[in-house]
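First comes the structure, then the notes that go with it.
Protein chains: 2
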Amino acid sequence: MERFPIKQGVPGFKFAGIPAGIKDDSVKDLGLIFAEHPCSAAAVFTKNSVKAAPVLVCAEKTKNNSIQAVLVNSGNANACTGQQGIKDTHKTSDTLALELDLKSTLIAPFSTGVIGVKFPTQRIIKRLPELIKNLSAQNSKDFAESILTTDTCIKTSAFKDTINGEPVKVLGIAKGSGMIMPNMATMLAFIVTDISIEKKSLKSLLKEINEETFNMISVDGDMSTNDSVIVLSSNMSKTPITNKCSKTYDTFKKMLHQVMMELAEMIVKDGEGATKLIKITVKNAKTDSDAKKAAMQVANSCLVKTAFFGEDFNWGRIMGALGSSGASFDMNRVALFFNKIAAVQNGQGIEKNILRLKKTVKKSEIDLLIDLKNGEKSCGVSTCDLSYEYVRINADYTT
Amino acid sequence: MERFPIKQGVPGFKFAGIPAGIKDDSVKDLGLIFAEHPCSAAAVFTKNSVKAAPVLVCAEKTKNNSIQAVLVNSGNANACTGQQGIKDTHKTSDTLALELDLKSTLIAPFSTGVIGVKFPTQRIIKRLPELIKNLSAQNSKDFAESILTTDTCIKTSAFKDTINGEPVKVLGIAKGSGMIMPNMATMLAFIVTDISIEKKSLKSLLKEINEETFNMISVDGDMSTNDSVIVLSSNMSKTPITNKCSKTYDTFKKMLHQVMMELAEMIVKDGEGATKLIKITVKNAKTDSDAKKAAMQVANSCLVKTAFFGEDFNWGRIMGALGSSGASFDMNRVALFFNKIAAVQNGQGIEKNILRLKKTVKKSEIDLLIDLKNGEKSCGVSTCDLSYEYVRINADYTT
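Taken in sequence, the protein lines are chains R and V.
If you're matching positions, the first sequence starts at 1 in this note's numbering and goes up one per residue.
If you're matching positions, the second sequence starts at 1001 in this note's numbering and goes up one per residue.
This is the structure in structure tokens:
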């Protein structure tokens, strides 16, 4: 498995991204992925019960159908827009289908941006011909730019490998930023591959890897109305994945996991106002649920996150968060490590390490290991710190 | 029921607060409440499983015993200090008992401040004689000052009424600030009264009112290791409360509720960096649990809180928080009101009210009414906004 430049694309796919005037500032805000043939598709969506119109429509479309094109806009979430929002989603998809000469069921729609504002259907429809004209196998960067909101950079990850001597590729493109939290959250991810795999296997694989990657990151504990992850396979490689015990399956699984994990970490690193990536591992918990509860409570604690922003190895707040997580453990057995340096043993601070700890929390990436010494289960969650910039962005920006 | 100046005190109680050098800056950090006779006592404590030493000791002492003195220090939480912390708590209590010529079981200890730092037992013990010398019925303000940490002001509430022509009083003193969240959190509250009531009734009353007041506020969703609320009754009034159906019981209940509710709101208003008090009411939820889940999710959403700081009536984020709360409702029926002005009906924004809404969110107190239209249950939670100042305080301050 090795990286490849995203410009090289993936056999069977073309990309485009253009400004369509949805955002004020003439940046790219309309994107398209188009496949030469209908693809195997699998998708997962936000568990928020307030779902945006495109999420409702797209979930229905991806359930059983193949997908041949993905239409995404940023700047307007088309959420809390009622029946009109649903109609607007269909209208843009249907118009694109006509222009591409496809059945409308083959178009998967996605939106991200401000909630509760009427969807700019006409503005988007008017720009579809130009969007299609821009399609090219090399244009994934334009697409990656067109889906951003408060993100400060594009997020892509691309790996290739060989199966039976034939090259296969996985290319992922994502956006994230605020509202990132388990069960995803204003994040969109689009993954394309030329692996030959049937829909059913792709679905179960996406679900499994999603739990370990996008559902294990948290920026601010908020979950959005629009999160979606979709994987499209053009099935152009000659060796089909037929069963879970094959080497082919393993190879693809590793590539997909790597791409999704990298995108997930990029999203956390670029969390609104983030200055540090905090990788939290809880080990030796009594149950899986305990491990996850403990890790998430620490990841979402405003007090813990502001301490990291202040470059303070404030283990007291971590103990406080653990204690309020509902996970079962004995506070007098807990051990904490910052970048492998012991801060707490048996529930109490280790004074001799203070200088080394003060130094290590200044790093831009911190591994926080929490040993509950109460079992054998573990869980990893990535998060970021909570800064002035987070407050500035979210006090100023209407989502 | 009417207010009275705290300087007038409550029959049977004396107060003191002095600097003991626990904090660096020679402010008051050691407080004492002393009763002429052993009091009926009831207390509730943090549900955080990481409990500070004084919480463990005090919970044991208040379970069955009367209490005659309350010793509080700020600046050091005596949390995550292991067996030594427990010994230190006993040592200071025992020394105070000797000085006051009481049994040690009659002393209830409390601490708040930095976690994980060795308790300054000797420093405190040395100052006990001066603390006792300062005891006076008028000194409740000194006591109120001595328990503060990042609070910007003292928090007191005092009401009197008459029962059978005889005056009765309830005086409450609290500290709050960061880490405020359901099940209380770095908050301490001390309430004294001259009502005659037995321990059992006092306990059930405290538990009931605590659920409606201190457990219904949230500053940052964090729960501390040290939260405690204690009520002491000197039993000096001549009409004892004997049963729950009496007018006397009602009168006392109203007074205690008023005092605890006022203290709870003061804590939210003085939440770290808070610029606004947000009173959230969820109504017409299907179940009590749904109402509470929905209200708490909105109250603890960083995105909602930063929007209020930015004076943005960002109802989309409120819808997003509701949807991720797990409460059952139909997003197309929800209505939202800011200070009684409708922002959302049937899950969609009301454009004609935008100007009025923009104006009303500039107020320092905002009533947010959320109508789920899915049942008949309701719940109220008070919270504050999330500001630069919250980040500054918590990035700089080691708790």
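C-beta atoms are modelled at their ideal positions from N, C-alpha and C, and glycine is treated no differently.
Report the CB separation of Lys279/R from Asp385/R in whole angstroms; it is logged as a contact under 8 angstroms. Under the criterion of beta carbons closer than 8 angstroms, Lys279/R and Asp385/R do not qualify as touching, at roughly 12 angstroms.
Nearest-angstrom Cα separation, counted from Val298/R out to Lys47/R: Distance from the CA of Lys47/R to the CA of Val298/R, rounded to the nearest whole angstrom, comes to 22 angstroms.
Rounded separation between Ala1059/V and Ala1041/V - CA only: The straight-line gap from Cα to Cα measures roughly 11 angstroms.
For Lys1340/V, count the other beta carbons within 10 Å of its own beta carbon; 16 or more makes it buried, fewer makes it exposed. Which is it? Within a 10 Å sphere around the beta-carbon of Lys1340/V sit fewer than 16 other beta-carbons, which makes this residue exposed.
Show which residues of chain R have a CB atom less than 9 angstroms away from the CB atom of Gly1012/V. Here the premise fails: no neighbours, minimum Cβ distance about 36 angstroms.
Mind listing which residues of the region 1344 to 1373 of chain V have their C-beta closer than 8 angstroms to chain R's C-betas, in chain order? The region 1344 to 1373 of chain V vs chain R, Cβ under 8 angstroms: Val1344, Asn1346, Gly1347, Gln1348 and Gly1349.
Let me confirm a value: Gln348/R is counted as buried when at least 16 other C-beta atoms fall within 10 Å, else exposed. Which label applies? Buried, since its Cβ has 16 or more Cβ neighbours within 10 Å.
Below-8 angstroms beta-carbon distance, Cys435/R vs any chain V residue: Nothing can be reported for residue 435/R: it is not among the residues displayed for chain R, which extend from 1 to 399.
Should Glu401/R go down as buried or exposed, given a rule of 16 or more other Cβ atoms within 10 Å for buried? Coverage of chain R is limited to positions 1 through 399, which leaves residue 401/R absent and any answer about it impossible.
Cα separation between Ser1196/V and Phe1252/V? Taking the Cα positions, Ser1196/V is about 10 angstroms away from Phe1252/V.
So, at 6 angstroms on beta carbons, what are the nonlocal neighbours of Gly1075/V in its own chain, with the 5 sequence-adjacent residues on each side left out? Only residues of its own chain outside the window of five on either side were considered, and among them Ile1022, Lys1023, Asp1029 and Gly1113 have a CB closer than 6 angstroms to the CB of Gly1075/V, listed in chain order.
Does the region 1133 to 1150 of chain V touch the region 344 to 358 of chain R, meaning 3 or more C-beta pairs lie closer than 8 angstroms? Segment contact: the region 344 to 358 of chain R against the region 1133 to 1150 of chain V, fewer than three CB-CB distances shorter than 8 angstroms; contact not assigned.
DSSP state of Met1181/V mapped onto helix, strand, coil: The predicted model places Met1181/V with a pLDDT of 40, which falls under 50 and marks its position as unreliable; any figure quoted below should be read in that light. DSSP places Met1181/V in coil when its eight states are reduced to three.
Range of the contiguous beta strand (DSSP E) that encloses Ser157/R: Segment Lys155 to Ile163, the beta strand (DSSP E) holding Ser157/R.
By DSSP, does Asn1284/V sit in helix, in strand, or in coil? Collapsing the DSSP output to three states places Asn1284/V in a strand.
Does the CB of Leu30/R have a neighbour CB from chain V at under 8 angstroms? No - not a single Cβ of chain V is within 8 angstroms of the one on Leu30/R.
Grab me the residues of Met1236/V's own chain with a C-beta within less than 6 angstroms of its C-beta, minus the 5 sequence neighbours each way, in chain order. Closer than 6 angstroms at Cβ, skipping near neighbours: Pro1011, Gly1012 and Asp1194.
Limits of the beta strand (DSSP E) - the one that Leu32/R falls within: In the DSSP annotation of this structure, the continuous segment of the beta strand (DSSP E) that includes Leu32/R starts and ends at Leu30 to Phe45.
Residues that Phe1308/V bridges to, as DSSP identifies them: DSSP lists no partner for Phe1308/V.
Test: Val1391/V CB closer than 8 angstroms to a CB of chain R: With 8 angstroms as the cut-off, Val1391/V counts as an interface residue toward chain R.
Measure from the alpha carbon of Gly1323/V to the alpha carbon of each residue in Ala1295/V, Ile1230/V, His1257/V and Ala1020/V, then state which is nearest. Minimum Cα distance to Gly1323/V is reached at Ala1295/V.
How long is the line joining the alpha carbons of Gly165/R and Ile6/R, rounded to whole angstroms? Taking the straight line from one Cα to the other gives about 21 angstroms.
From the beta carbon of Thr225/R, is the nearest beta carbon of chain V less than 8 angstroms away? Yes, Thr225/R counts as interfacial toward chain V.
Can you give the Cα-Cα distance for Leu1188/V and Ala1043/V, rounded to whole angstroms? Rounded to whole angstroms, the separation of the alpha carbons of Ala1043/V and Leu1188/V is 11 angstroms.
Residues of its chain near Glu212/R, where Cβ-Cβ distance is below 6 angstroms and the 5 sequence neighbours each way are ignored: The beta carbon of Glu212/R lies closer than 6 angstroms to none in the same chain, with the five residues before and after it left out.
In chain V, what lies closer than 8 angstroms to Met331/R by C-beta? For a Cβ distance threshold of 8 angstroms, residue set Ser1049, Val1050, Lys1051 and Cys1080 of chain V lies close to Met331/R, ordered along the chain.
Is there a Cβ from chain V that is less than 8 angstroms from the Cβ of Leu322/R? So yes, Leu322/R belongs to the interface.
6 angstroms Cβ shell around Ile1086/V - same chain, five flanking residues per side excluded: Once the five neighbours on either side are set aside, the close Cβ partners of Ile1086/V are Ala1053.
Suppose you measure from the CA of Phe15/R to the CA of Thr1225/V; what does that come to, to the nearest Å? Counting only the Cα atoms, Thr1225/V lies some 53 angstroms from Phe15/R.
In whole angstroms, give me the CA-to-CA distance for Thr1281/V and Val1072/V. In this model, Thr1281/V and Val1072/V are separated by some 35 angstroms (Cα to Cα).
Residues bridged to Asp371/R (per DSSP): DSSP lists Lys283/R and Ala335/R as partners of Asp371/R.
Do the CB positions of Thr149/R and Ile124/R come within less than 8 angstroms of each other? No, the Cβ-Cβ distance between Thr149/R and Ile124/R is not below 8 angstroms.
Using the beta-carbon count (16 or more within 10 Å), is Thr985/V buried or exposed? Chain V is shown from 1001 up to 1399; residue 985/V falls before or after that span and cannot be answered.
What in chain R is Cβ-close to Val1114/V, meaning under 8 angstroms? Gly316, listed in chain order.
Expressed to the nearest angstrom, what Euclidean distance is found between the alpha-carbon atoms of Leu336/R and Lys293/R? One alpha carbon belongs to Leu336/R, the other to Lys293/R, and they sit about 17 angstroms apart.
If you draw a straight line from the C-alpha of Lys377/R to the C-alpha of Asp290/R, how long is it? When the Cα atoms are used, Lys377/R and Asp290/R turn out to be separated by approximately 8 angstroms.
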